[in-house]
Ligand SMILES: Nc1ncnc2c1ncn2[C@@H]1O[C@H](COP(=O)(O)OP(=O)(O)OP(=O)(O)O)[C@@H](O)[C@H]1O
Ligand SMILES: Nc1ncnc2c1ncn2[C@@H]1O[C@H](COP(=O)(O)OP(=O)(O)OP(=O)(O)O)[C@@H](O)[C@H]1O
Ligand SMILES: O[C@@H]1[C@H](O)[C@H](O)CO[C@H]1O
Ligand SMILES: [Mg+2]
Ligand SMILES: [Mg+2]
């Protein structure tokens, strides 16, 4: 092949990363069919250090371009810089490097995700009530989301965050945590689950506990199932915020364009250096626009 | 008289509520060999473990070279010049021979191990014990006798002032025992004090100057060996008169129980033929390493072998595992009761019923039936234990052996193969076991006894097969069974055209 | 003070003679202490619903831990159980979704799940016995293999059941208790009987204690070891049923992650030695409950996410230290 | 055929007498076979850069595996090493960043890292020896505790060093080889000497094989066990230095994740028995290299990420099975 593109992502350790990997595989197939002279090599790492090794290996395999969603930006900084300085066309996805070392950066908006959810909730709750937050894993992107969420909520003195507990983005764990929290807090108005898979587990706990004090549940990520619930006017699941795992597929398309020195569509520039996908609030009004029947996430 | 090297004052030891030793007061002079006698469970090993620091006394003191201790630990006692060969093996199975010999007393050069020196010294010491062993062999490859000699070697390279030998001879044949005694005498000349436990009274008589007898944890006698006869010793141990040791040999051989043709284990056993009748106690004699154990293990399906034929009670069972052997009515008592015989963290009951568990099972195991049976055995074989729930690992060596015997007897086998059956058993119980074996034969069972104790072979068995280097060197009956003949055949000083079936024809 | 110790010794002696297994007393005491502390620390703790929740949360790893107890008593270990949960779950939901009739789907699905679990366990056992691969490595390898297969067959996507009856299993109640809890209890009772009252159990302990002695005693050592892995696999199958039906789905990437550590921890906290040779099912049940209560407490007290690991590790240490004090 | 076997027996005998440890031959053969296959399967494999990469990638867990070898020979286990990497890393980068002078920062930082590692190891050892907690549980608990502390001190954020000299350690080369590789080699040589040529090593084997016998032989069992954990901790400290300086940062949530499993796998593949009593450092080095080559192969051959686990598990099984064939 004329163009060899390496794609390095975190391992499928929960729903969203599984979706990510699915999209990476799909894009590798689709794009290879469309551009037979491009070949993709997808690797997945279960830790940042393993990912460093993955990138080293891809460099040995003489990639022309590298698409990477870094497990941890600082961990990967060094090796991505090496690749970039070696002239490899580099696209960094989602998690931004401290010192830029890429041709293109494409990402979702983590802070925006927390902010949008908070604004929507505050509005729906008439600026007062009790909230439970089910967080992800204690890592930087989680902090960005939760901090932004809390910042918005701080503006409403009548909104009280009862508890903010980690789920590690595992539905299993989320179900357990939510069950426990529901025993502890008898008067809850709203729940923010920062991930849509986690939201489903949260809903199960709420339904089983037969709690009708909870009027509002908001998610994050924009999974097909949750968008479906919103679309069908679910009683409490009223919104989620986009954070699409298919950003990796777009990143691969960008790499494929960029590495050929081509322009994007009819643009008059090279591929833009920075693309931020909007953190879009999905509600009943616009849910139809986001619903994709055969999406993996 | 010089100052005693070891002095104990009112030494007592209890485990929980059980008092095992009471008020032992003892002086041992340099260059003295003290024999310690007592029935199984009398407290002999416990006393020596107190002196070597393995156990802490409940009360009383130990004085070593004038220093008084309320308690010792193994490191301290070693430091004070005490070396011990314990009753149960005390070698590290994953390490090599020379590494074991020098364990805890390694030779160094510039901080690093001086392996060559240690290997050379090991070879030298083993040679002085008349044992040929590769110093690089791993312990787990050795026979029990070889292990025992390695234990002896450990003590020899250690410049000990006091050497403790807890039943060192149980796994040795007379030849090695002689060597060992020479070594002990040489140590004695250097002023080393030796404490020696044995159930073989003759050995005590031969080797020791002084004698201590324990009964139920009490010191009942402390005297010069010269002043007592073997009969006196036995009487004092047991506390009453003892009758003859061996039962009358009353062979009533009937039908053939087992017939084996041309057993071969490459490199170990060659063309062994064997015919065993009901009512017979057949002895297998031979030097250590002659391959007797291998023959037994092959019969039990525990070792790969080839054979032309194996007939048991008229049938030719296909024996590939001990299970098959048990089903065919055969049971085997291994010489290695710790490694192959008993589950140390099982209770007495659980060990006794391990082979026969089906008997107690109708859906579920009936613990009460198990218990009753165990109780029976406990009283029949006089097994001394705190309770039936005690882990056998906590029993004295001799009592463990009894539990092991009970375990076999509980499947009521037709053919018993007993490898060193009285290992570590006191005179009185030994006698009971001999009568038990004879009784089994009288009941029509067939018994093979493998023993390194000539006296036992001679007193109990007829016929006797002498095994040498994996072959049957001779088949002896009646008057032929005597010490001289057996030794000559075993050592290869005399040859017969042995090994054919004709030669081994049925004795009338 | 000395008197107290004496009394304690006497008590423990009496208990032992009464036939009550002393080894389960230690985890029981640890559990009780933990329960008392928890109920003092959080007013919601003793809430009936909370207790029901805990027991259900515990049942998934608890059932697996029971299976793993057998493996550990035989001196083995099974690291693959977590991944196996995911793979069995994939098989289960795939099967359940094949049938239009919900009843048929559920019955055949459940059978398939248990069967698949037993089969994967058999593979582990075969590697250990015939392959002579040390259990740690054999199951470390299959841990990676089973997870990989689960991802592959499901295309890494969450599998959702379409059977209306299916969620009733893990989500349902019987006589006021969740079905997973009943299942956990029944399996515990059966496992206890198997371990403590049958020749198999006795032989198992002998094998774990000293395989050589077991062999000389005519016990089929290899077969026993094989069976322990099959039991563990079947337990995983059942646990996977409970979990998948409760969630009405299985996530191949996430299901069962770290279950192996939780299960082993439960077994060991319950007093079963990793070196094998003895163990108790009730101990394992206590161990699993102890871990469940700790998790519950972390949420109830709202411990900072960063410090949850510290508290959890600390409580485990204290619980185990307490046992030691109990035992000596 | 029989003759061949005889010749084989003779060879192994000669090897044994020559002092060459037979047990490391098996992993060596497995490694060589794997190398041959790899170089046939991928044109890039023998690329010098690739080989350098592999050895550097291997060195982080390899160094830890060497430390863990000591723990395992003493019949222990250490599950906390992975979390410890993160916690030591946090301490290290914090310290390095405290000093304006880069040289001073690096020197004090490195010293602190090794010290911290040894200290955490000491805590593990203390729990095992004085606390009498079985190593699996003790280190499972500290695994959770160390990770939690790393998250807490760093506020879950990645810590980046500001010292210009620091990245030169893990990223630098000496005589054509990366510094982490040199470090790995030197530690291996020292560890080998310690294990095979000093009384400590000998005593260690005795302790692992039969602690009772060791005690009777006048060996201070508890102290030896304690030291093994300290050695493992110090090795973690060094590994953490190499890793953090190579990355110029440490991620508390992610650094060292799964290292414990990789390290233990390397040790066992290298022929050291988990039951303790014997082991070999060179075996561990081979084991680590085998795992490194497998990982590299997966990427070089472009195996589907879903199936990487399958292939990895499979190759581990084959490598271990091959050893068994070798050994018997
Ligand atoms: N660690 C222990 N815990 C409880 N009881 C013990 C322990 N060690 C020994 N005993 C008991 O102490 C008694 C004396 O045992 P000891 O081993 O000293 O006997 P012995 O005289 O050496 O017997 P043998 O001739 O059979 O070796 C026995 O009843 C034994 O069960
Ligand atoms: N596993 C093994 N590996 C290597 N050699 C062995 C092994 N088992 C036994 N041997 C050797 O086989 C020979 C026969 O040993 P064995 O103990 O069976 O003889 P024996 O006649 O029963 O003697 P004993 O009087 O000790 O019972 C010995 O030289 C021993 O070293
Ligand atoms: O892994 C995380 C979460 O699953 C989240 O939902 C989206 O961001 C990813 O990085
Ligand atoms: Mg004794
Ligand atoms: Mg023998």
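Protein chains in written order, with our numbering: chain L, 95 to 391; chain S, 109 to 616; chain E, 6 to 333; chain Z, 6 to 333.
Backbone N, C-alpha and C define an ideal beta-carbon position, used for all residues, glycine too.
Quick caveat: nothing in here was measured; it's all calculated off a predicted structure.
Should residue 305 of chain S be listed as close to ligand 4, given that the test is whether its C-beta is under 8 Å from any heavy atom?
Here residue 305 of chain S refers to the residue found at position 197 of the second chain. Relative to ligand 4, residue 305 of chain S has its C-beta within less than 8 Å of a heavy atom.
Three-state class that DSSP yields for residue 515 of chain S in the structure shown:
For the purposes of this step, residue 515 of chain S is taken as residue 407 along the second chain, with counting starting at 1. Helix at residue 515 of chain S.
So, with DSSP's three-state summary, where would you put residue 469 of chain S?
The residue given as residue 469 of chain S occupies position 361 in the second chain. Here residue 469 of chain S sits in strand by DSSP.
CA-to-CA distance, residue 243 of chain L to residue 246 of chain Z, given in whole angstroms:
For this step, residue 246 of chain Z is matched to residue 241 along the fourth chain. For this step, residue 243 of chain L is matched to residue 149 along the first chain. Rounded to the nearest angstrom, the two C-alpha atoms are 36 Å apart.
Boundaries of the alpha helix (DSSP H) in which residue 260 of chain E is found, first to last residue:
Stepping through the third chain from its first residue, residue 260 of chain E is reached at position 255. Taken as a continuous stretch (DSSP letters only), residue 260 of chain E belongs to no alpha helix (DSSP H), as it is neither H nor E.
Name the residue from E/257, E/244 and E/138 whose alpha carbon lies nearest to the alpha carbon of residue 227 of chain E.
If you number the third chain from 1, residue 227 of chain E lands on position 222. Minimum Cα distance to residue 227 of chain E is reached at E/138.
If you follow the alpha helix (DSSP H) that residue 202 of chain E is in, where does it begin and where does it stop?
Numbered from its first residue, the third chain carries residue 202 of chain E at position 197. Looking at the DSSP string, the run of the alpha helix (DSSP H) that includes residue 202 of chain E is 184–202.
Determine the burial state of residue 180 of chain L: buried for a count of at least 16 other Cβ atoms within 10 Å of its Cβ, exposed for fewer.
Position 86 of the first chain, counting from 1, holds the residue named residue 180 of chain L. Under this definition residue 180 of chain L is an exposed residue.
Is any beta-carbon of chain Z found at less than 9 Å from that of residue 309 of chain E?
Working through the third chain from its first residue, we reach residue 309 of chain E at position 304. Answer yes: the Cβ-Cβ gap between residue 309 of chain E and chain Z drops below 9 Å somewhere.
Would you give the residue range spanned by the alpha helix (DSSP H) that residue 254 of chain S belongs to?
Within the second chain, numbered from 1, the residue matching residue 254 of chain S stands at position 146. Annotation: the continuous alpha helix (DSSP H) that includes residue 254 of chain S extends over 252–265.
Inspect the beta-carbon positions of residue 224 of chain Z and residue 183 of chain S and report whether they are closer than 9 Å.
Translated into the one-based positions of the fourth chain, residue 224 of chain Z becomes position 219. Translated into the one-based positions of the second chain, residue 183 of chain S becomes position 75. Yes, the Cβ-Cβ distance between residue 224 of chain Z and residue 183 of chain S is below 9 Å.
Per-residue DSSP class, three states only, for residue 240 of chain E
As a working mapping, residue 240 of chain E is identified with position 235 in the third chain. Correct three-state label for residue 240 of chain E: helix.
Quick one: using the 10 Å Cβ neighbour count with 16 as the cut-off for buried, is residue 379 of chain L buried or exposed?
Reading the first chain from its first residue, position 285 is the one you call residue 379 of chain L. Counting Cβ neighbours within 10 Å, residue 379 of chain L comes out exposed, since fewer than 16 surround it.
Strictly under 9 Å for the Cβ-Cβ distance: is residue 221 of chain Z near chain S by that measure?
Walking along the fourth chain from the start, residue 221 of chain Z turns up at place 216. Residue 221 of chain Z counts as touching chain S.
Proximal chain L residues relative to residue 173 of chain Z, where beta-carbon distance stays under 8 Å
Here residue 173 of chain Z is taken as the residue at index 168 of the fourth chain, counted from 1. Ordered by position in chain L, no residue passes the 8 Å Cβ test against residue 173 of chain Z, which lies about 12 Å from the chain.
Would you identify the three-state DSSP class for residue 242 of chain S, choosing helix, strand or coil?
Along the second chain, read from residue 1 onward, the residue named residue 242 of chain S stands at position 134. Coil, per DSSP.
Residue 227 of chain E - DSSP class collapsed to helix/strand/coil
Along the third chain, one-based indexing puts residue 227 of chain E at 222. Under the three-state reduction of DSSP, residue 227 of chain E is assigned to helix.
I'd like to confirm something about residue 311 of chain S: is its beta-carbon nearer than 8 Å to some heavy atom of ligand 4, or not?
Residue mapping note: residue 311 of chain S aligns to position 203 of the second chain, counting from 1. The answer is no for residue 311 of chain S.
Spatial distance of residue 94 of chain E from residue 257 of chain E (CA atoms)
Here residue 94 of chain E is taken as the residue at index 89 of the third chain, counted from 1. Here residue 257 of chain E is taken as the residue at index 252 of the third chain, counted from 1. Near 8 Å, if we compare the C-alpha coordinates of residue 257 of chain E and residue 94 of chain E.
Taking all protein chains shown into account, do 16 or more other C-beta atoms lie within 10 angstroms of the C-beta of residue 44 of chain E, making it buried, or fewer, making it exposed?
Mapped onto the third chain, residue 44 of chain E falls at position 39. By the beta-carbon neighbour count (other beta carbons within 10 angstroms, threshold 16), residue 44 of chain E is exposed.
So residue 442 of chain S contacts chain E; which residues on that side make the cut at Cβ distance below 8 Å?
What you label residue 442 of chain S is simply residue 334 of the second chain in a count that begins at 1. Under the 8 Å cutoff, chain E gives 221.
Work out the CA separation of residue 434 of chain S and residue 610 of chain S for me, nearest whole Å.
Residue 610 of chain S sits at position 502 when you count from the first residue of the second chain. Residue 434 of chain S sits at position 326 when you count from the first residue of the second chain. Any answer about residue 610 of chain S is weak, because its pLDDT of 37 lies below 50 and its placement is not dependable; what the coordinates show is given next. Roughly 29 Å between the two C-alpha positions.
Residue 197 of chain E at chain S interface by Cβ criterion, 9 Å
Against the third chain, residue 197 of chain E aligns to sequence position 192. For residue 197 of chain E, the closest Cβ of chain S is not nearer than 9 Å.
Under 9 Å between beta-carbons, which chain L residues line up against residue 300 of chain Z? List them in chain order, please.
Numbered from 1 along the fourth chain, position 295 holds the residue referred to as residue 300 of chain Z. By Cβ distance, chain L contributes 144, 147, 148 and 151.
Are the beta-carbon atoms belonging to residue 555 of chain S and residue 584 of chain S less than 9 Å from one another?
The residue labelled residue 555 of chain S in the question sits at position 447 within the second chain. The residue labelled residue 584 of chain S in the question sits at position 476 within the second chain. Not in contact: residue 555 of chain S and residue 584 of chain S (Cβ atoms no closer than 9 Å).
Cutoff 6 Å; reference residue 206 of chain S; Cβ partners in own chain excluding five residues on either side:
Within the second chain, the letter at position 98 stands for residue 206 of chain S. The residues are 226, 227, 230 and 243.
Have a look at E/191, E/216, E/259 and E/189 and flag the residue whose alpha-carbon is nearest the alpha-carbon of residue 113 of chain L.
Here the question's residue 113 of chain L lines up with position 19 in the first chain. Comparing Cα positions, the closest option is E/259.
For residue 243 of chain L, write down the residues that DSSP places opposite it in a beta bridge.
Here residue 243 of chain L is taken as the residue at index 149 of the first chain, counted from 1. DSSP output for residue 243 of chain L lists no bridge partner at all.
Between S/312, S/487 and S/301, which has its C-alpha nearest residue 285 of chain S's C-alpha?
The residue labelled residue 285 of chain S in the question sits at position 177 within the second chain. Nearest option by C-alpha distance: S/312.
List the whole-angstrom C-beta distance separating residue 121 of chain S from residue 163 of chain S, where the pair is believed to meet the contact cut-off of C-beta under 8 Å.
The count along the second chain starts at 1 and reaches residue 121 of chain S at position 13. The count along the second chain starts at 1 and reaches residue 163 of chain S at position 55. For residue 121 of chain S against residue 163 of chain S, the beta-carbon gap comes to about 6 Å, under 8 Å, which counts as contact.
Where residue 40 of chain Z falls: helix, strand or coil (DSSP):
Counted from its first residue, the fourth chain places residue 40 of chain Z at position 35. Residue 40 of chain Z: helix per DSSP, three-state reduction.
How long is the line joining the alpha carbons of residue 102 of chain E and residue 167 of chain E, rounded to whole angstroms?
The count along the third chain starts at 1 and reaches residue 102 of chain E at position 97. The count along the third chain starts at 1 and reaches residue 167 of chain E at position 162. If I take the Cα positions, the gap works out to 6 Å.
Closer than 8 Å: is that where the CB of residue 274 of chain S sits relative to any heavy atom of ligand 4?
Residue 274 of chain S sits at position 166 when you count from the first residue of the second chain. Indeed, a heavy atom of ligand 4 lies less than 8 Å from the Cβ.
I'd like to know whether the C-beta of residue 193 of chain Z is nearer than 9 Å to at least one C-beta of chain L.
Taking the first residue of the fourth chain as position 1, residue 193 of chain Z is located at position 188. No, residue 193 of chain Z lies away from the interface with chain L (no Cβ there is under 9 Å from its Cβ).
Near residue 238 of chain E, what residues of its chain come up, given a Cβ to Cβ distance below 6 Å and the 5 sequence neighbours on each side ignored?
Counting from 1 along the third chain, the entry for residue 238 of chain E is found at position 233. Within the same chain, residue 238 of chain E has close Cβ partners 122, 123, 125 and 126.
Just to confirm the assignment, what range does the alpha helix (DSSP H) spanning residue 524 of chain S have?
Counting from 1 along the second chain, the entry for residue 524 of chain S is found at position 416. For residue 524 of chain S, there is no enclosing alpha helix (DSSP H); the enclosing beta strand (DSSP E) has its first and last residue at 523–527.
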